[in-house]
Amino acid sequence: MAEPHQEAWSSRLGVILAVAGSAVGLGNFLRFPGLCAQYGGGPFMIAYFTSLLLIGIPICWAEWTMGREGGALGYHSSPGIFWVLMRRPGAKYLGLLGVLVPVGVYCYYVLVEAWCLGYAWKAVSGDLTRPGFDYAGFFNRFTGIGADGSALHLGLDAVGFWLVVVFVLNFYFIYRGVSKGIERVCTWGMPVLILIALIILARVLTLGTPDPTKPDQNIIAGLGRMWNPGDWARLADPQLWLAAAGQIFFTLSVGFGVIINYASYLKPKDDVVLSGLTATAANEFCEVALGGLITVPAAFVFFGATAVGGGIFGLGFQVLPNVFAHMPFGTVFAVLFFALLFLAAITSSLSMLQPGIAFLEEGLGVRRKSSVALLGLVTSVGTMLVWWFSHDLKVLDTFDFWVGTIGIFTQGTILIVVFSWVLGFERGWAEAHRGAEMAIPRFFKPIMHYVTPVFLLGIFAMFVLQKAFGWNLSFVAPRFAPSGYITDLCGPTPNGPARVAVLFLACIGIFTALLINLAGERWAAKSTPGDSAP
Amino acid sequence: MTIAGWITLILSVGGVTLLFAWCIVRVLRKHTPDHELAHVEPVEEDQTDQR
């Protein structure tokens, strides 16, 4: 058995808010509204809720269940949990991505978190809502999107200072541990986040027609831009299903290595069914009911339909600050909005560090100071790469694709296949109901057993074929052409920073695999014949 | 905004809000047994035959 860990949640609401905090991020307030408006409210929401039922909730329950069972056996990291549940020496490597993905995502996510804090400060100073402020120019300077190395400054108007601040904050809270660090931040942070979002929502819904000379740009029309169904025939478009399923998958943080780790700190008979559903519902409330009513309608009433199509960063860091500048008490709402984004980001970034900390402590037997120092070193190098190679945000985008997209899909697929087909579905179903405060509806049984793994494998295959191999998503006349993510690495004109990013990820992947090997030897040596471990 | 848009909005926003509210109420509601629990003396594994 692994050494006993003292880490535990101090309350049930604490763990729910921590999981919800991990899931609620920038995507809830920026990515989801953009996708919904792009694909038309009705068809997109049908695909979205179908994906929630078929992959989001089932994988969430599977991950909570496996995490709690692994924790009861003394393991808190993905490699340890897969090893102890599957009882095969090689199984520990199935959990590799459960460590690598959150660490890799943290490397760039923390930079975006620093943008949010820097923008919040800029809003406090009043500059962000000053008439005539150059939003595009400031964004380019702040992020260094124009040239590599151009963001490497430390003043209050540069991202460097804020990056140091958020790095220190994250590692301070993670050093304090699960209960005193993560749980305390999320217990305060999540209610404050929802309160801020409700205040901004009230402001947006009472905007009316801000410019009487443009009567078409009113709040009702803005809601229509977001929610009008458009063309129902789009339901037959594979691209729409891919976008909706991808959004559900990424917004819930399933397959990320976080939920399985967080659930491992539960007691053996703590409920996972209602808790998992509540965390999911909290994320959906923030995404659909808050994000869905704030971002796009606010942008529309001031700048019309064209303002909505600028991508996540364009919408969040260029359009919306301009929206606040045109709004009564805009400075207050700009501060609140970027504080909201920062809270959403820090509750997520904290969750990305804990799986790595748990693995280092239980796999190598190191103490908290050493694990924090080692993880701090690795993530500092990764973040430096993203910070320095800022031209076109190439390294950030490369990290996001290979780790934050392909890695999460892969780990999520491994998780549901292991739960449903390897460990034995009936056993997993019974384990999920141990201590449960509600029964999982029986129609989820065939869904979790067959539909979820097959649906996820299908979506994953289509995603890889489209995003990596350039499939035109046509079954009748399919065409393939390697996408930029492939040609950046091995095309006729490879991209240096992209190659550096993938090399870095490969190095920490190999390093993690070696550490898992060492951890396996340690776990095997500690397990006695009477133990349930392999 | 069209009728279909309003329906989409109300169903989507209302659905997730109701689900969230229902879950939170269930989580926060204290579970108190409606009967008195039986008093059971702890028994060690090697004393089971002495009960």
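As they're listed, the protein sequences go chains A and B.
Heads up: take any position in the first sequence, counting from 1, add 34, and you land on this note's numbering.
Heads up: take any position in the second sequence, counting from 1, add 1356, and you land on this note's numbering.
For every residue, glycine included, the Cβ atom is placed at its ideal position computed from N, Cα and C.
Three-state secondary structure (DSSP) of Thr-527/A
For this step, residue 527/A is matched to residue 493 along the first sequence. Coil.
Measure the alpha-carbon distance for Tyr-169/A versus Phe-201/A and round it to whole angstroms.
In the first sequence, counting from the first residue as 1, residue 169/A sits at position 135. In the first sequence, counting from the first residue as 1, residue 201/A sits at position 167. Those two C-alpha atoms are separated by around 26 Å.
So for Gln-500/A, helix, strand or coil by DSSP?
Your numbering for residue 500/A matches position 466 in the first sequence. Note: Gln-500/A maps to helix in three-state DSSP.
Am I right that Asp-288/A and Glu-103/A are in contact with their C-beta atoms under 8 Å? What's the rounded C-beta distance?
In the first sequence, counting from the first residue as 1, residue 288/A sits at position 254. In the first sequence, counting from the first residue as 1, residue 103/A sits at position 69. One point to set straight first is that residue 288/A is Val, not Asp, in the sequence displayed. Wrong, their Cβ atoms sit about 17 Å apart, outside the cutoff.
Tell me which residues share the same chain as Phe-376/A and place their Cβ nearer than 7 Å to its Cβ, disregarding the 5 neighbours each side in the sequence.
Counted from its first residue, the first sequence places residue 376/A at position 342. The answer, listed in chain order, is Glu-147, Cys-150, Leu-151 and Ala-154.
Are Leu-138/A and Gly-416/A touching if we call contact CB-CB under 8 Å?
By one-based count along the first sequence, residue 138/A stands at place 104. By one-based count along the first sequence, residue 416/A stands at place 382. Residue identity check: residue 138/A is Gly in the sequence provided, not Leu. Yes, the Cβ-Cβ distance between Gly-138/A and Gly-416/A is below 8 Å.
Going along the chain, which residues of its own chain have a beta-carbon closer than 8 Å to the beta-carbon of Arg-401/A, five neighbours each way excluded?
What you label residue 401/A is simply residue 367 of the first sequence in a count that begins at 1. So the list reads Glu-395, once near-sequence residues are dropped.
Check each candidate in Arg-513/A, Thr-439/A and Ala-185/A and name the one with the smallest Cα separation from Ile-493/A.
Residue 493/A sits at position 459 when you count from the first residue of the first sequence. Minimum Cα distance to Ile-493/A is reached at Thr-439/A.
Using 8 Å as the threshold, is the segment 362-372 of chain A in touch with the segment 154-163 of chain A, meaning 3 or more CB pairs across them?
yes
Alpha helix (DSSP H) runs contained entirely in the segment 274-340 of chain A, provided each spans 4 or more residues
292-297, 307-318 and 326-337
Quick one: Cα of Leu-548/A to Cα of Val-456/A, how far?
Locating residue 548/A in the first sequence gives position 514, where the first residue counts as 1. Locating residue 456/A in the first sequence gives position 422, where the first residue counts as 1. Cα to Cα, the separation comes out at about 25 Å.
Touch test, the segment 485-502 of chain A against the segment 102-121 of chain A, Cβ-Cβ under 8 Å, three pairs minimum
no
Among the candidates Lys-248/A, Ser-414/A and Leu-308/A, whose CA atom is the shortest distance from the CA of Leu-1384/B?
The residue labelled residue 1384/B in the question sits at position 28 within the second sequence. Closest by alpha carbon: Leu-308/A.
Bounding residues of the alpha helix (DSSP H) (the contiguous stretch that carries Ser-85/A):
What you label residue 85/A is simply residue 51 of the first sequence in a count that begins at 1. Run containing Ser-85/A: 75-85, per the alpha helix (DSSP H) assignment.
Per the contact definition of three or more C-beta pairs closer than 8 Å, is the segment 87-96 of chain A in contact with the segment 506-518 of chain A?
no
Measure the beta-carbon distance from Gly-223/A to Ser-424/A and round it to whole angstroms, keeping in mind my assumption that it falls under 8 Å.
Reading the first sequence from its first residue, position 189 is the one you call residue 223/A. Reading the first sequence from its first residue, position 390 is the one you call residue 424/A. 28 Å between Cβ atoms; not a contact.
Environment of Ser-383/A [buried if 16+ CB atoms lie within 10 Å]
Position 349 of the first sequence holds residue 383/A. When all chains shown are included, Ser-383/A counts as buried.
Cutoff 8 Å: Thr-163/A Cβ touching any chain B Cβ
Residue 163/A sits at position 129 when you count from the first residue of the first sequence. Cβ-Cβ to chain B under 8 Å: no for Thr-163/A.
In the DSSP assignment, find the alpha helix (DSSP H) that holds Asp-182/A and state where it starts and stops.
Taking the first sequence and counting its residues from 1, one reaches residue 182/A at position 148. That residue, Asp-182/A, is in no alpha helix (DSSP H); it is neither H nor E in DSSP.
Expressed to the nearest angstrom, what Euclidean distance is found between the alpha-carbon atoms of Phe-319/A and Pro-355/A?
The count along the first sequence starts at 1 and reaches residue 319/A at position 285. The count along the first sequence starts at 1 and reaches residue 355/A at position 321. About 24 Å.
Do you know how far the Cα of Ala-379/A is from the Cα of Met-386/A?
Taking the first residue of the first sequence as position 1, residue 386/A is located at position 352. Taking the first residue of the first sequence as position 1, residue 379/A is located at position 345. Computed Cα separation, rounded: 11 Å.
Rounded to a whole number of angstroms, what is the C-alpha to C-alpha distance between Arg-461/A and Trp-557/A?
For the purposes of this step, residue 461/A is taken as residue 427 along the first sequence, with counting starting at 1. For the purposes of this step, residue 557/A is taken as residue 523 along the first sequence, with counting starting at 1. Approximately 24 Å between the Cα atoms of the pair.
According to DSSP, is Asn-506/A helix, strand or coil?
If you number the first sequence from 1, residue 506/A lands on position 472. Correct three-state label for Asn-506/A: coil.
Indicate the three-state DSSP secondary structure (helix, strand or coil) for Val-400/A in the structure shown.
By 1-based counting over the first sequence, the position of residue 400/A is 366. DSSP places Val-400/A in coil when its eight states are reduced to three.
Under DSSP, the alpha helix (DSSP H) around Thr-177/A begins and ends at which residues?
Mapped onto the first sequence, residue 177/A falls at position 143. Element bounds for Thr-177/A: 169-177.
Within a Cβ cutoff of 6 Å, which residues of the same chain sit near Ala-313/A, ignoring the five residues on either side of it in sequence?
By 1-based counting over the first sequence, the position of residue 313/A is 279. Within the same chain, Ala-313/A has close Cβ partners Ile-50, Val-53 and Ala-54.
Closest residue to Gly-61/A among Arg-533/A, Tyr-127/A and Leu-286/A (Cα-Cα distance):
The residue given as residue 61/A occupies position 27 in the first sequence. The option with the nearest alpha carbon to Gly-61/A is Leu-286/A.
Nearest candidate by alpha-carbon position, reference Gly-325/A, set Leu-349/A, Leu-47/A, Phe-337/A and Ala-511/A
For the purposes of this step, residue 325/A is taken as residue 291 along the first sequence, with counting starting at 1. Among Leu-349/A, Leu-47/A, Phe-337/A and Ala-511/A, the Cα nearest to that of Gly-325/A belongs to Leu-349/A.
Taking 8 Å as the threshold, find out whether the segment 238-255 of chain A comes into contact with the segment 330-337 of chain A through three or more Cβ pairs.
yes
Measure the beta-carbon distance from Leu-203/A to Leu-145/A and round it to whole angstroms, keeping in mind my assumption that it falls under 8 Å.
What you label residue 203/A is simply residue 169 of the first sequence in a count that begins at 1. What you label residue 145/A is simply residue 111 of the first sequence in a count that begins at 1. About 14 Å separates the two Cβ atoms, so there is no contact after all.
Assuming the contact rule is C-beta atoms closer than 8 Å, Arg-259/A and Ala-339/A should be a hit. Round their C-beta distance to whole Å, please.
Your numbering for residue 259/A matches position 225 in the first sequence. Your numbering for residue 339/A matches position 305 in the first sequence. Between Ala-339/A and Arg-259/A the Cβ distance is about 6 Å, and since that is below 8 Å, they are a contact.
Tell whether a beta-carbon distance below 8 Å holds between Ile-346/A and Leu-64/A.
In the first sequence, residue 346/A corresponds to position 312, counting from 1. In the first sequence, residue 64/A corresponds to position 30, counting from 1. Against a cut-off of 8 Å, the Cβ pair of Leu-64/A and Ile-346/A comes out as a contact.
Any idea if Thr-546/A is buried or exposed, counting beta-carbon neighbours within 10 angstroms, 16 or more meaning buried?
Reading the first sequence from its first residue, position 512 is the one you call residue 546/A. Its Cβ being crowded by 16 or more others within 10 Å, Thr-546/A is buried.
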